[in-house]
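Numbering (the numbering used here), first residue to last: 43 to 171.
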């Protein structure tokens, strides 16, 4: 098996709701919903990656509040190591640039959305809060 692809995901809150974004056509898991984030680049920490990705994908400045979970998800020969963080928006308003759509959802309703399997550990944590 190849080395895991290291990625990040950010949980953005608005009251009790969390923001999820729909993956675009042509992407792995196209049409699925996810917590936004992206691939960690060479020489970058997971936290630096997430702040950069949320700026690039959603046009917002963020601050990491806390690390939630790091989990590994296997999908056949493909392996993802996902680091999930709770983040706070400190600048700008969310704009859906890289995704098909975005939505604010109560954690207990996330099971009604077709979420990427790698996000399951984050979902379980949020539902337990």
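For glycine and all other residues, C-beta sits at the position ideal for the given N, C-alpha and C.
Being a predicted model, the structure only gives us computed values, none of them experimental.
Among 72, 114, 59, which residue has its Cα nearest to the Cα of residue 49? Out of 72, 114, 59, 114 has the C-alpha closest to the C-alpha of residue 49.
With distance defined between alpha-carbon atoms, name the residue in 106, 100, 70 nearest to residue 125. Checking every option, the nearest Cα to that of residue 125 belongs to 106.
Leaving out five residues before and five after residue 131 in sequence, what residues of the same chain have Cβ atoms less than 8 angstroms from its Cβ? Sequence-distant Cβ neighbours of residue 131 in its own chain, meaning closer than 8 angstroms and more than five residues away, are 54, 102, 103, 104.
Which listed residue (86, 60, 47) has its alpha carbon closest to that of residue 78: Ranking 86, 60, 47 by Cα distance to residue 78 puts 60 first.
Member of 94, 162, 137 whose CA lies at the smallest distance from the CA of residue 123: Nearest C-alpha to residue 123: 162.
How about the segment 87-94 and the segment 133-143: do they share at least three Cβ pairs that are nearer than 8 angstroms? With fewer than three CB-CB distances shorter than 8 angstroms, the segment 87-94 does not count as touching the segment 133-143.
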